[in-house]
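Q: Protein sequence lines correspond, in order, to chains A and B.
Read left to right, the first sequence gives residues 1 to 250 (our numbering).
Read left to right, the second sequence gives residues 251 to 500 (our numbering).
2 protein chains.
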Amino acid sequence: MISDRLCINLGGRPLAETDDFKAKPPPGIDAIGASSEGVSLYELIREDIIEGRLAANERLVVTDLARRHGTSTNPVREALQLLRGEGFVIFSPNRGARVRPIDQDFVRDIYEIGVLIEPALTRWFVGMATGEDIAELERIQGLIEENNFADTFRHSELDTAFHTVMYQRHYNRHAAELWWKHREVLRAVSRRFNFTLARRAAIIREHRELIALIKAGEADKAAELISRHVEGSGRHVLEQMRARNAARAG
Amino acid sequence: MISDRLCINLGGRPLAETDDFKAKPPPGIDAIGASSEGVSLYELIREDIIEGRLAANERLVVTDLARRHGTSTNPVREALQLLRGEGFVIFSPNRGARVRPIDQDFVRDIYEIGVLIEPALTRWFVGMATGEDIAELERIQGLIEENNFADTFRHSELDTAFHTVMYQRHYNRHAAELWWKHREVLRAVSRRFNFTLARRAAIIREHRELIALIKAGEADKAAELISRHVEGSGRHVLEQMRARNAARAG
DNA sequence: ACGCACCAGATCGTACATTGTTTGTGGGAA
DNA sequence: TTCCCACAAACAATGTACGATCTGGTGCGT
Numbered sequence: 001m002i003s004d005r006l007c008i009n010l011g012g013r014p015l016a017e018t019d020d021f022k023a024k025p026p027p028g029i030d031a032i033g034a035s036s037e038g039v040s041l042y043e044l045i046r047e048d049i050i051e052g053r054l055a056a057n058e059r060l061v062v063t064d065l066a067r068r069h070g071t072s073t074n075p076v077r078e079a080l081q082l083l084r085g086e087g088f089v090i091f092s093p094n095r096g097a098r099v100r101p102i103d104q105d106f107v108r109d110i111y112e113i114g115v116l117i118e119p120a121l122t123r124w125f126v127g128m129a130t131g132e133d134i135a136e137l138e139r140i141q142g143l144i145e146e147n148n149f150a151d152t153f154r155h156s157e158l159d160t161a162f163h164t165v166m167y168q169r170h171y172n173r174h175a176a177e178l179w180w181k182h183r184e185v186l187r188a189v190s191r192r193f194n195f196t197l198a199r200r201a202a203i204i205r206e207h208r209e210l211i212a213l214i215k216a217g218e219a220d221k222a223a224e225l226i227s228r229h230v231e232g233s234g235r236h237v238l239e240q241m242r243a244r245n246a247a248r249a250g
Numbered sequence: 251m252i253s254d255r256l257c258i259n260l261g262g263r264p265l266a267e268t269d270d271f272k273a274k275p276p277p278g279i280d281a282i283g284a285s286s287e288g289v290s291l292y293e294l295i296r297e298d299i300i301e302g303r304l305a306a307n308e309r310l311v312v313t314d315l316a317r318r319h320g321t322s323t324n325p326v327r328e329a330l331q332l333l334r335g336e337g338f339v340i341f342s343p344n345r346g347a348r349v350r351p352i353d354q355d356f357v358r359d360i361y362e363i364g365v366l367i368e369p370a371l372t373r374w375f376v377g378m379a380t381g382e383d384i385a386e387l388e389r390i391q392g393l394i395e396e397n398n399f400a401d402t403f404r405h406s407e408l409d410t411a412f413h414t415v416m417y418q419r420h421y422n423r424h425a426a427e428l429w430w431k432h433r434e435v436l437r438a439v440s441r442r443f444n445f446t447l448a449r450r451a452a453i454i455r456e457h458r459e460l461i462a463l464i465k466a467g468e469a470d471k472a473a474e475l476i477s478r479h480v481e482g483s484g485r486h487v488l489e490q491m492r493a494r495n496a497a498r499a500g
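(1) Looking at the C-beta of Q331/B, does it have a partner C-beta in chain A at a distance below 7 Å?
(2) Measuring straight from C-alpha to C-alpha, what distance separates R13/A and I113/A?
(3) Among L294/B, R303/B and E293/B, which one has its Cα closest to the Cα of R442/B?
(4) Among the residues of its own chain, which have a CB less than 6 Å from the CB of Y111/A, if the five just before and after it don't count?
(5) Given 8 Å as the limit, is there contact between the region 120-139 of chain A and the region 84-100 of chain A, that is, 3 or more CB pairs closer than that?
(6) Using C-beta distances below 6 Å, list every residue in its chain close to A175/A, excluding the 5 sequence neighbours before and after it, in chain order.
(7) So which of E386/B, L488/B and T313/B has the shortest CA-CA distance to D411/B?
(8) Check whether the Cβ atoms of L408/B and A347/B sit closer than 7 Å, and answer yes or no.
(9) Starting from N172/A, find everything on chain B with Cβ-Cβ shorter than 8 Å and list it in chain order.
(10) Look at V349/B and E382/B and say whether their C-beta atoms are less than 7 Å apart.
(11) When you compare only the Cα positions, how much space is there between I45/A and A66/A?
(12) By the DSSP assignment, the beta strand (DSSP E) with I340/B in it spans what residues?
(13) Between which two residues does the alpha helix (DSSP H) containing G96/A stretch?
(14) Could you tell me whether the region 192-210 of chain A touches the region 389-409 of chain B, where touching means 3 or more Cβ pairs closer than 8 Å?
(15) Can you list, in chain order, the residues of its chain whose CB lies under 6 Å from that of K471/B, leaving out five sequence neighbours each side?
(16) I want to verify the contact list: residues of chain B whose CB lies under 8 Å from the CB of I134/A, in sequence order.
(17) Please decide whether A56/A counts as near chain B, where near means a Cβ-Cβ distance under 7 Å.
(18) How is the alpha helix (DSSP H) around T130/A delimited, first residue to last?
(19) Counting only beta-carbon atoms, is R334/B nearer than 7 Å to chain A?
(20) Could you give the C-beta distance for V480/B and V357/B, rounded to a whole number, given that I count them as a contact under 8 Å?
(21) Judging by CA-CA distance, which residue of W179/A, S190/A and W180/A is the nearest neighbour of R242/A?
(22) Counting only beta-carbon atoms, is E78/A nearer than 7 Å to chain B?
(23) Which value, in whole angstroms, describes the spacing of the CA atoms of T196/A and V435/B?
(24) Quick one: is R498/B buried, meaning 16 or more other Cβ sit within 10 Å of its Cβ, or exposed?
(25) List, in order along the chain, the chain B residues whose C-beta lies closer than 9 Å to that of L116/A?
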């Protein structure tokens, strides 16, 4: 019998402290299933888009993708349709697929939705948090502070794990799934940037404050804090994007 | 040459005033584009799911669908993948697609997200509403009251049109798109039920109150009203679903 | 009654034909 | 010479057909 805890580590990476926090979706989400080839292709292409290996607006030529991944065109076509349904790819009739650009508007839209949804998820969590949940949050927070933004990739994973602890058991699977999909995009975007010192301090402070509020059972205050937390995060990332765009243009 | 106007009326219903309010998505949303055959197939199958012509958990056999729609299997396969990406269809490896059941949890989840998002959309609209917008709202509201739930289908279309006026120009396309997709599902679900007298009165009253608040520029109060409006709507539909399920079981 | 082989049916991957788009070239005019 | 347009050829998307593989059930034999 395989325990749930073990399953987390099937990602192919060596067992290490980090792997405990390898970001994974809330359970029951990816139950969409897939055609054997299709699933891997879908994941591969989506990763390429999110990680930026496929540039914005780049054409996605089925024959090329098929050759590159060693299959025929049909699995590629299905993967692209799947991505279209999730909004990562845009189709034009008789002109094929392009990578949907993840621009400032896109990111802003996603953050704004997060500001609306995450407080509700948080409020529910405050009422449902167990001792283990809080211990887990404190453990992750300890690792975040230990890492102290030295490894931005690691911070990104830890931060995602922190919030996943809060949201993963929410009864509204739709909302949790929405949050997770948005999170995946934002994680990749924010990974391209560094955190300002002010933002670093704010993150640490707000996380600590959040844990305190959860302990005290202050649901409303925790929700309000999360609202500010997400908004601040969005503001920060958008500033970075704007700065980089300005630098590129100038 | 066939005019666009004619194509709208292929649904089998006669030309009537209603067509002015045939629910249509906010502009710029369905820019996903599609493969010529694919798009119609996608729409047809999705309609069949939403309208309940394809039962929950029913198997979706590609060859059958292809025959029924007079094409080969590939367009069907792509349409199904697209629907998978949007959550209407569930795939099992080597076992094909099934219709995702639209159960109470599903509907509740969607309504809850609406309660979170729609107030924000409304708040923005109050600050941006023009005289024409308000006139349009009053016109639609007049038709709603004129119809007075005699034709539930027509009410459903008019109600959707009412809210579309408010949300269609919102800068957050992602949120508007999300609202629209949810709306399509809820429209079909609620069409299967009748409105209680209490609910009818509440809808009329809240719509009137909403218009008044918009005129007065009371953004916060309008947002709070919409929150109650959506919640009440959700509560009503869920009650109906529960009642019907209980009746079926007992 | 139980198990195993076999068969029907459906999915999934491959190959190909058709149709529409894009691109590159050449000739003619300014 | 340079610009523009027509035309053609390459290219890619879309639809069709087919074979391999998997699943589920039926019926035969024990």
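Even glycine gets a Cβ: it sits at the ideal position worked out from N, Cα and C.
A: Per the coordinate set shown:
(1) Yes, Q331/B counts as interfacial toward chain A.
(2) With a pLDDT of only 33 at R13/A, under 50, the local geometry of the prediction cannot be trusted, and no value is derived from it.
(3) It is R303/B.
(4) Only residues of its own chain outside the window of five on either side were considered, and among them G234 have a CB closer than 6 Å to the CB of Y111/A, listed in chain order.
(5) Taking 8 Å as the limit for Cβ pairs, the verdict is that the region 84-100 of chain A does not touch the region 120-139 of chain A.
(6) If the five residues before and after A175/A are omitted, its C-beta is found closer than 6 Å to the C-beta atoms of I117, all from its own chain and listed in chain order.
(7) What sits at residue 411/B in the sequence shown is Ala, not Asp. Residue E386/B is the option with its Cα nearest to A411/B.
(8) Not in contact: L408/B and A347/B (Cβ atoms no closer than 7 Å).
(9) Contacts between N172/A and chain B, judged by CB atoms closer than 8 Å, involve R358, D359, E362 and I363 in chain order.
(10) Against a cut-off of 7 Å, the Cβ pair of E382/B and V349/B comes out as no contact.
(11) Within the model, the alpha-carbon separation for I45/A versus A66/A is close to 11 Å.
(12) It spans V339 to S342 - the beta strand (DSSP E) in which I340/B sits, taken as one unbroken run.
(13) Per DSSP, G96/A is not a residue of any alpha helix (DSSP H); the beta strand (DSSP E) it occupies stretches across G96 to V99.
(14) Output reads no: the region 389-409 of chain B does not touch the region 192-210 of chain A.
(15) Taking C-beta separations shorter than 6 Å and ignoring five residues to either side along the sequence, the partners of K471/B in its chain run L463, following chain order.
(16) Neighbours of I134/A in chain B, taken as residues whose beta carbon is under 8 Å from its own, are absent, since the nearest beta carbon is some 25 Å off.
(17) No, because no Cβ of chain B sits closer than 7 Å to the Cβ of A56/A.
(18) Neither: T130/A is in no alpha helix (DSSP H) and is coded neither H nor E.
(19) Interface flag for R334/B against chain A is set, since a Cβ pair is found closer than 7 Å.
(20) The beta carbons of V480/B and V357/B sit about 12 Å from each other, so the pair does not count as a contact at 8 Å.
(21) Residue S190/A holds the alpha-carbon nearest to the alpha-carbon of R242/A among W179/A, S190/A and W180/A.
(22) Taking Cβ atoms only, chain B reaches closer than 7 Å to E78/A, which makes this a yes.
(23) Cα to Cα, T196/A sits roughly 43 Å from V435/B.
(24) The residue is exposed, with fewer than 16 neighbouring Cβ atoms inside 10 Å.
(25) Going along chain B in sequence order, the residues near L116/A (Cβ under 9 Å) are I363, L366, I367, P369, A370 and A425.
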